[in-house]
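Residue numbers (our numbering), protein chains in the order written: chain A, 1 to 289; chain B, 290 to 559. Quick reminder that beta carbons are idealized off the backbone N, C-alpha and C, glycines included. Working notes, beginning with the structure itself.
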Amino acid sequence: MKNKKRLFETIIHGIFLLLGLITVGFVLLITIYLVISGIPAIRTIGLFPFLFGTTWESTAAEPSYGILPFILTSVYGTAGAMVLGVPIGFLTAVYLAKIANPKVKAVMEQAVSMLAGIPSVVYGLVGMLTLVPGIRKLFNVPDGASLFAAIIVLAIMVLPSIIKVSMTALEAVPKEYEDASLALGATPIETYFRVSVPAARSGIAAAVVLGVGRAIGEAMAVMMVSGNVPNMPSLFQSVRFLTTAVASEMSYSSGLQQQALFSIALVLFLFIMLINVILNFFLKGDKEK
Amino acid sequence: MKKNVCAILLGTVLAMTALTGCGANATAGSVSTDGSTSMEKVIGSLGEAFEAENSGITFTYNPTGSGPGIKAVEEGRCDIGLSSRNLTDEEKAAGLSETVLAYDGIAIIVNTENPVEDLSLETIAKIYTGEITNWSEIGGNDAEIVLIGREAGSGTRDGFESITDTEDACQYRQELTSTGDVITTVEQNPNAIGYASLASVKETVKAVLVDGVAPSEETVKDGSYVVQRPFVLVTKEGEALSDSAQMFFDYITSTDANEIISEAGVVPAN
């Protein structure tokens with residue numbers, strides 16, 4: 001009887017382990033596959049010309065595969081989205097977590113959740129039909145599809161992650177801290193910014209890093225508003241991101257061009273890994289406190 | 290665990306190889322085609338319709354490009370090669386023959402507000418290479434020309450650039466990944482010019498006349514509209530196709546297939 005029970009336990013354990021390993025397996029599989037398929041092109045092209053070359057002409061008679069424009073565009077685009085998105089997201093989170101009355105909070109939280117649920121192709125479509133012509137008229141440039149349009153779309157797309165994660169962090173600040181501050185005569189606003197925010201800072205930092213991850217990995221929406229020409233980035237020029245570089249050429253690619261696209265994916269993957277490491281660092285810092 | 294990963298990896302690699310292979314052995318009951326990526330849509334729908342009618346025969350298509358496709362026929366690695374250009378004299382001398390399946394007409398489109406009606410092929414090339422940058426130089430409004438094109442590797446882009454002789458020289462402002470995106474963008478921007486497969490162009494944009502000829506099925510077919518190219522089936526001269534491949538060949542060159550060919554956005558030749 002006892003043995004039977006133990007056997008049953010062992011089997012269940014085994015099943016759970018197996019299920020857990022599926023996820024781990026997929027991560028390993030994707031990582032290994034990306035490395036294996038990403039390395040050959042870098043070998044052929046050379047690491048330096050690949051990463052720091054400024055021209056990408058994959059189908060030209062004499063192709064050149066330099067992805068510096070894509071890397072810089074992704075970095076600038078993400079940074080721009082953060083400059084616009086972080087203040088809005090952070091202040092919204094403070095408002096919702098601390099100041100808003102429950103009814104307003106309920107409605108606004110619902111709106112934030114809905115924003116998170118909108119598919120990226122819809123962001124792209126709306127951007128393409130309203131934002132791009134809007135930028136063209138407003139700034140009097142020949143064409144509105146640009147880095148600037150992509151930054152605005154990305155800034156909107158990162159808002160939900162920033163707001164939600166910062167809110168959770170702010171709400172987790174012990175009420176005693178705030179009570180103490182208020183009892184000492186600080187105004188509520190002083191309390192929130194001098195006590196609550198510093199206490200929640202690692203959570204807020206994690207929110208920002210999460211937003212960076214979302215922005216750098218986005219493909220569909222930016223593809224529809226950024227114009228996709230492999231120029232070196234400039235605010236009102238048509239640009240191509242790391243993600244869109246892979247997505248736009250993959251369907252018809254072959255040979256070295258296709259291998260180079262895998263290499264771009266590998267570079268993007270390393271970026272995301274780096275962001276994950278930073279995210280873990282902040283989250284861990286939170287736990288240790 | 291490690292073994293598992295290896296097994297999965299191996300499985301994936303095998304699956305990928307199987308997918309990219311050219312259906313090397315043309316056994317009875319299969320048709321293998323290889324070549325032009327521009328013909329993907331038309332040959333794909335023809336293959337599907339053919340398979341639906343002949344349940345025993347499997348159809349494969351390997352999108353490698355016109356050059357590799359022609360080579361594949363020459364080396365006997367597939368039944369029918371697909372080329373989006375006419376064969377060269379050397380290729381014909383090597384014992385290959387061509388049968389035109391369809392014509393791909395590419396419309397040059399501008400915004401409906403644009404007063405420009407007629408452009409010569411040379412002017413179009415000059416516009417796309419950045420030699421002409423303002424509409425006023427060619428009788429339009431005083432505004433910078435916004436060049437809209439397709440992504441590298443696209444069949445339409447390849448077709449447009451080879452016809453206008455502007456390969457690798459186009460100064461695109463936007464490279465979009467679908468015909469629909471190009472049309473929408475030109476529709477939105479009064480100073481844009483783009484190119485798109487003739488069949489997809491509707492009244493939302495204006496297709497300009499090229500050398501005085503309006504693009505239409507008739508003008509493409511009789512050759513008077515010049516921004517067009519043939520979709521060619523390449524076979525070996527004097528060498529019989531397998532039964533199933535011959536059946537497929539007859540089917541797609543018959544008038545029955547015209548409807549499917551038109552639906553794929555090109556003008557049937559037969």
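Report back the beta-carbon spacing between residue i and residue j to the nearest angstrom; my notes put them in contact at under 8 angstroms.
i	j	result
S146(A)	S251(A)	With a Cβ gap of about 24 angstroms, S146(A) and S251(A) do not count as contacting.
V209(A)	I278(A)	5 angstroms
A97(A)	M167(A)	5 angstroms
P160(A)	L115(A)	5 angstroms
G14(A)	S263(A)	The Cβ separation is near 39 angstroms, so there is no contact.
A391(B)	F520(B)	5 angstroms
G259(A)	P119(A)	Per the sequence shown, residue 259(A) should be read as Gln rather than Gly. Their Cβ separation, rounded to whole angstroms, is 30 angstroms, which puts Q259(A) and P119(A) out of contact at 8 angstroms.
P133(A)	G144(A)	6 angstroms
Is the distance from the Cβ of residue i to the Cβ of residue j below 8 angstroms?
i	j	result
V141(A)	I135(A)	yes
T243(A)	G442(B)	no
V497(B)	I397(B)	yes
A414(B)	T468(B)	no
N478(B)	N400(B)	yes
V331(B)	V490(B)	no
G77(A)	F241(A)	yes
S533(B)	V362(B)	no
I472(B)	I416(B)	no
G293(A)	T55(A)	Absent from the model: residue 293(A). The displayed extent of chain A is 1 to 289, so no value can be given.
L522(B)	I369(B)	yes
G53(A)	G211(A)	no
E528(B)	L385(B)	no
L371(B)	V499(B)	no
Decide if residue i is buried, meaning its Cβ has at least 16 other Cβ atoms within 10 Å, or exposed.
i	result
E402(B)	exposed
S451(B)	exposed
L170(A)	buried
T453(B)	buried
G310(B)	Here the model assigns G310(B) a pLDDT of 42, short of 50, so the residue's position is not dependable, and the following value carries that caveat. It counts as exposed.
N228(A)	buried
S355(B)	buried
N3(A)	exposed
N276(A)	exposed
T31(A)	exposed
N314(B)	Low confidence applies to N314(B): its pLDDT is 39, below 50, so where it sits in the model is not reliable, and the reading given next is rough at best. So N314(B) counts as exposed.
D470(B)	buried
D545(B)	exposed
I71(A)	buried
I42(A)	buried
G318(B)	exposed
D431(B)	exposed
Residue i to residue j, Cα distance in whole Å?
i	j	result
D323(B)	I45(A)	28 angstroms
G365(B)	L530(B)	11 angstroms
A458(B)	E62(A)	12 angstroms
M157(A)	A221(A)	9 angstroms
A503(B)	G117(A)	46 angstroms
S585(B)	G394(B)	For chain B, the structure presents residues 290 to 559; residue 585(B) sits outside this window and is missing.
D562(B)	A150(A)	With chain B running from 290 to 559 in the structure shown, residue 562(B) is simply not present.
S202(A)	N280(A)	11 angstroms
G80(A)	P233(A)	12 angstroms
R374(B)	R518(B)	6 angstroms
I541(B)	S64(A)	39 angstroms
E569(B)	V112(A)	The structure shown does not extend to residue 569(B), since chain B is modelled only from 290 to 559, so the question has no answer here.
D378(B)	Y514(B)	24 angstroms
T445(B)	L47(A)	32 angstroms
P557(B)	F148(A)	44 angstroms
A205(A)	F282(A)	7 angstroms
L436(B)	Q463(B)	7 angstroms
R535(B)	T493(B)	First, the amino acid is wrong: residue 535(B) is Gln here, not Arg. Cα-Cα distance, rounded: 42 angstroms.
R439(B)	V475(B)	13 angstroms
Q110(A)	K164(A)	11 angstroms
L268(A)	T388(B)	45 angstroms
S543(B)	P352(B)	23 angstroms
K103(A)	I216(A)	34 angstroms
G428(B)	I421(B)	12 angstroms
G448(B)	A382(B)	25 angstroms
N231(A)	S325(B)	28 angstroms
Taking only beta-carbon positions, decide if residue i is within less than 8 angstroms of chain C.
i	result
V132(A)	Given the protein chain composition of this structure (A and B), no chain C is represented.
Checklist line | Residues of the region 38-56 of chain A whose Cβ lies closer than 9 angstroms to any Cβ of chain B, in chain order | finding: Legend: CB atoms of the region 38-56 of chain A lying less than 9 angstroms from CB atoms of chain B belong to residues W56.
Next item on the list: Give the residues from the region 384-401 of chain B that approach chain A closer than 9 angstroms (Cβ to any Cβ), ordered along the chain.
Entry: Flagged: no residues at all.
Margin query: Short of 8 angstroms Cβ to Cβ, which residues in the region 246-257 of chain A face chain B?
Written below: Cβ contacts with chain B: A247, S248, E249, S251, Y252, S253, S254, Q257.
Next item on the list: Please name the residues in the region 470-502 of chain B whose beta-carbon is closer than 8 angstroms to at least one beta-carbon of chain A, in chain order.
Entry: Taking 8 angstroms as the cut-off between beta carbons, the residues of the region 470-502 of chain B near chain A are D470, T473, T474, Q477, N478, N480, A481, in sequence order.
Notebook entry, point to check: In chain order, what residues of the region 454-468 of chain B put their CB closer than 8 angstroms to some CB of chain A?
Noted result: Residues E456, D457, Y461, R462, Q463, E464, L465, T466.
Next item on the list: Anything in the region 225-236 of chain A with a Cβ closer than 9 angstroms to a Cβ of chain B? List those residues in chain order, please.
Entry: Among the residues of the region 225-236 of chain A, those with a Cβ less than 9 angstroms away from any Cβ of chain B are S226, G227, N228, V229, P230, in the order of the chain.
Checklist line | Contact set between the region 342-358 of chain B and chain A, restricted to residues whose Cβ is under 9 angstroms from the partner | finding: Contacts with chain A (Cβ-Cβ distance below 9 angstroms) from the region 342-358 of chain B involve P352, T353, G354, P357, listed in chain order.
Check: When Cβ atoms are compared, which residues of the region 401-416 of chain B fall closer than 7 angstroms to chain A?
Finding: Within the region 401-416 of chain B, no residue places its CB atom closer than 7 angstroms to a CB of chain A.
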